[in-house]
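> One structure, pasted below without further comment.
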Amino acid sequence: MNFVPLALVHAELSLYCYQCLPQITQISADITTSSAWLESKSARICEISGKHNFSYLVPSALVLFFILFLSSCTNDFDQINENPNTPEKVHPQFLLTNVIFEAADQSAYNQGFRLANFLAQFAASPEFERIDRYEMGGNSAYWNTIFRLLSDIRSMQELEGTNEAYQAVGDIISSYLFSQLTDLWGDVPYTEAVQAIDGNYAPKYDTQKNIYTDPQTGILAVLKRAAHTLKNTSSPIAGDILFDNNLDGWIRFANSLRLRYLMRISHRLSDYSEIQELAESDKLISSNSQNAVVPYLSSAPNQWPMSASALGLYQEHRMSKTVDSVLTLWNDPRIAVLYQPTEKSTTSGHPEYKGLQNGQTPETISEKGINLSDISLFGSIFRDIPNGVNAQFMQYSEVQFALAEAAERDFIEADAGKYYKEGIRASFEYYGLEVPNDYFNQTSVALNGENNLIKIMTQKWLSLIGIGHEAWFNVRRTGIPELKPGPDNLNEDRYPVRYLYPESEQATNAENYKGAVSRMGGDNINNKGWWERFQ
1148 MNFVPLALVH AELSLYCYQC LPQITQISAD ITTSSAWLES KSARICEISG
1198 KHNFSYLVPS ALVLFFILFL SSCTNDFDQI NENPNTPEKV HPQFLLTNVI
1248 FEAADQSAYN QGFRLANFLA QFAASPEFER IDRYEMGGNS AYWNTIFRLL
1298 SDIRSMQELE GTNEAYQAVG DIISSYLFSQ LTDLWGDVPY TEAVQAIDGN
1348 YAPKYDTQKN IYTDPQTGIL AVLKRAAHTL KNTSSPIAGD ILFDNNLDGW
1398 IRFANSLRLR YLMRISHRLS DYSEIQELAE SDKLISSNSQ NAVVPYLSSA
1448 PNQWPMSASA LGLYQEHRMS KTVDSVLTLW NDPRIAVLYQ PTEKSTTSGH
1498 PEYKGLQNGQ TPETISEKGI NLSDISLFGS IFRDIPNGVN AQFMQYSEVQ
1548 FALAEAAERD FIEADAGKYY KEGIRASFEY YGLEVPNDYF NQTSVALNGE
1598 NNLIKIMTQK WLSLIGIGHE AWFNVRRTGI PELKPGPDNL NEDRYPVRYL
1648 YPESEQATNA ENYKGAVSRM GGDNINNKGW WERFQ
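The working numbering puts the first residue of the sequence shown at 1148, with every later residue one more than the last.
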């Protein structure tokens, strides 16, 4: 029996229809070592796959199962798969679908909800989530996932017949993923990344400065070229679950990412003309209908993961005291969507919201006499509704807050207040709410010349809940809002700014790892990256 490569099998299966999944899951659960059984089940898979289209992802645990059976789905296997290592009829759409969904899902759940919510102090843990006390580690699973997705993108771009639209879209997603790498770890493999197939098993680490700003290979240059390519091509794409194969959506996303990253490195810039150019462009994300989000679905395996997780894990994510104080100060109705009233107040019929201080051990919480029934959980959209939230890359509100900041800091000639109000309105709209009539009249909200930048950045911070580590990146860049370590933190009362490099890098890429660590002043969670070291 011959096999096709794992990445391409995974990609083909990533479009499998939801109607088939319950049948496929049941089949996979019955796997035995009987060869007769294997043949019969593989025939059944072929029968199912012939009746339906593909959609999104099958669980990764099934990938090996399908590799075993995919080759049995035709009587003419030798003709279709003469060279099993270079399949001739794989379409880039299969890889594109998988890359988009997995990258978005990582942003929303594993990175956003499970990790960044604690670092940005949207959530506080009463017991088990030690990242709330800054036990950071290397986040190696995400490091490995990013490089696997980058490898899949390279495979997509190198498939015979791949058109320039796929090339450009691949460059946009790659730029997003590389920005994740450098903003989470610092100097990382970039120009020599994913070259193992070419024999490069120890890629050099590029500096964060070059990763962003190199005029040819830097993220900002790549995004600009990709948007230009898509503007001038008539080539179509398929398998795009982010913008439904609409290239205009990708152009807006690329330009909005450029704005995000220009603001990220703004303390290192002396020329803001590119920000002004983008502000005057009509090709940014300009409404919530253009958001870069992938909707979760109402059934497994493409539902919001927390909705199917253990109750105890959900209960580890409590409203933080930080976000409680902000939303209460603003009299902000978003609190009722993002969080739940305390159990005790719900029982009494007078709903109240209350947060927990970050960075406390269970012993400290107990000693303070804190009853968790008096602490709010995250809202029902994060638990009770399988498709209550989206897997997000970027919202319209972020674009507006970035422009408001740029105007407030005189990077662009514009009215900061206009962008600020539109950012708030867009954030409310995203959650199905309207801005109360008197909301902007509040002293704590109004841009009245007093603490304007703090107000802009705090509103932006709140709007970034669930968008990976973006809120954490912005706090690291601006110090707004001021987030303080909790009493039982494990980082000597310091606020962390990066993850450790994965241990595997020390073993497999030691020389380049040591060079990067030397440039950064050590491999610890307190060493700032290039765009942070501006003071």
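Glycine residues also receive a C-beta, built at the ideal position from the N, C-alpha and C atoms.
Taking V1622 and A1270 to be in contact with their CB atoms under 8 Å, please state how far apart those CB atoms are, rounded to whole angstroms.
Not really, about 14 Å apart at Cβ, beyond 8 Å.
> Can you tell me where the beta strand (DSSP E) with P1452 in it begins and where it stops?
No beta strand (DSSP E) holds P1452; DSSP gives it neither H nor E.
> Can you look up A1551 in the DSSP assignment and give me helix, strand or coil?
Correct three-state label for A1551: helix.
> Is L1370 closer than 8 Å to I1432 when the C-beta atoms are compared?
Contact: no.
> Taking all protein chains shown into account, do 16 or more other C-beta atoms lie within 10 angstroms of the C-beta of A1663, making it buried, or fewer, making it exposed?
Buried, because 16 or more other Cβ atoms sit within 10 Å of the Cβ of A1663.
> Using a 10 Å radius around the Cβ and a threshold of 16 neighbouring Cβ atoms, would you call T1590 buried or exposed?
So T1590 ends up on the exposed side.
> Kindly indicate which three-state DSSP category P1583 falls into: helix, strand or coil?
Of the three classes helix, strand and coil, the one that applies to P1583 here is coil, per DSSP.
> Measuring only the C-alpha atoms, how far is Q1539 from G1259?
Cα to Cα, the separation comes out at about 9 Å.
> Pick from F1529, Q1507, L1476, L1416: whose alpha carbon is nearest that of P1452?
Nearest option by C-alpha distance: F1529.
> Just to confirm my understanding: we take I1482, look at its own chain, exclude 5 residues before and 5 after, and list those with CB closer than 7 Å. What are they?
These residues qualify, in order along the chain: L1474, Y1500.
> Since Y1313 and P1239 are thought to touch, with beta carbons under 8 Å apart, how far apart are those beta carbons, to the nearest angstrom?
So it is a contact: roughly 5 Å between Cβ atoms.
> Identify the residues that DSSP records as bridge partners of P1442: which are they?
N1537, per the DSSP bridge assignment.
> Take every Cβ of the region 1535–1551, pair it with every Cβ of the region 1592–1612, and state whether three or more of those distances are shorter than 8 Å.
Yes, the region 1535–1551 is in contact with the region 1592–1612.
> Name the two residues that bound the continuous alpha helix (DSSP H) containing I1601.
From DSSP, the alpha helix (DSSP H) with I1601 extends over 1599–1610.
> Would you kindly check if the distance between the Cβ of A1426 and the Cβ of L1550 is under 8 Å?
Yes. Within cutoff.
> Answer yes or no: do T1489 and I1512 have a C-beta to C-beta separation smaller than 8 Å?
Result no, Cβ atoms of T1489 and I1512 do not sit closer than 8 Å.
> Give the straight-line distance between the Cα atoms of A1457 and S1302, rounded to the nearest whole angstrom.
Computed Cα separation, rounded: 36 Å.
> Starting from the C-beta of N1656, find all residues in its chain whose C-beta is less than 6 Å away, skip the five residues before and the five after it, and write them out in chain order.
Cβ neighbours of N1656 beyond the five flanking positions: A1349.
> Under 8 Å, do H1464 and F1390 count as touching if we go by C-beta distance?
Not closer than 8 Å, so no.
> Let's see if you can read the secondary structure: which residues bound the alpha helix (DSSP H) around N1402?
Looking at the DSSP string, the run of the alpha helix (DSSP H) that includes N1402 is 1394–1411.
> Which residue's Cα is closest to the Cα of G1365: F1325, G1669, L1262, S1382?
Taking only the C-alpha atoms, the option nearest G1365 is F1325.
> Assuming contact is defined by CB atoms lying nearer than 8 Å, are N1636 and R1280 in contact in what I supplied?
Going by C-beta atoms, N1636 is nearer than 8 Å to R1280.
> Does DSSP classify L1503 as helix, strand or coil?
DSSP places L1503 in strand when its eight states are reduced to three.
> Is the CB-CB distance between I1398 and K1378 below 8 Å?
Going by C-beta atoms, I1398 is nearer than 8 Å to K1378.
> Report the three-state DSSP secondary structure of V1473 (helix, strand or coil).
In the structure shown, V1473 sits in a helix (DSSP, three-state: H, G or I).
> Assuming D1353 and D1334 are in contact, meaning their beta carbons sit under 8 Å apart, how far apart are those beta carbons, in whole angstroms?
Between D1334 and D1353 the Cβ distance is about 6 Å, and since that is below 8 Å, they are a contact.
> Given a threshold of 16 other Cβ atoms within 10 Å of its Cβ, counted over all protein chains shown, does E1629 qualify as buried or as exposed?
Per the 10 Å Cβ criterion, exposed.
> Tell me the residue span of the alpha helix (DSSP H) that contains F1525.
From DSSP, F1525 is part of no alpha helix (DSSP H); its letter is neither H nor E.
> Which of helix, strand or coil does DSSP assign to R1465?
It is a strand residue.
> CA-CA distance, I1532 and L1503?
So the alpha carbons of these two residues sit roughly 24 Å apart.
> Whole angstroms are fine: how far does the CA of W1332 sit from the CA of D1471?
Approximately 30 Å between the Cα atoms of the pair.
> State whether the region 1372–1387 contacts the region 1577–1591, with contact taken as three or more CB pairs (one from each stretch) at a distance under 8 Å.
As far as the Cβ criterion goes, the region 1372–1387 does not touch the region 1577–1591, which means the pair count is below three.
> Which first and last residues belong to the alpha helix (DSSP H) in which N1310 is found?
Element bounds for N1310: n/a, residue is neither H nor E.
> Report, in whole angstroms, the separation of the C-beta atoms of D1672 and R1645, which I expect to be a contact under 8 Å.
Reading off the sequence, residue 1672 comes out as Ile, not Asp. About 6 Å; that satisfies the 8 Å criterion.
> Leaving out five residues on either side along the sequence, give the residues of the same chain with a beta carbon under 7 Å from the beta carbon of D1670.
These residues qualify, in order along the chain: L1647, Y1648, V1664.
> Where does the unbroken alpha helix (DSSP H) through N1357 begin, and where does it stop?
Residues 1355–1360.
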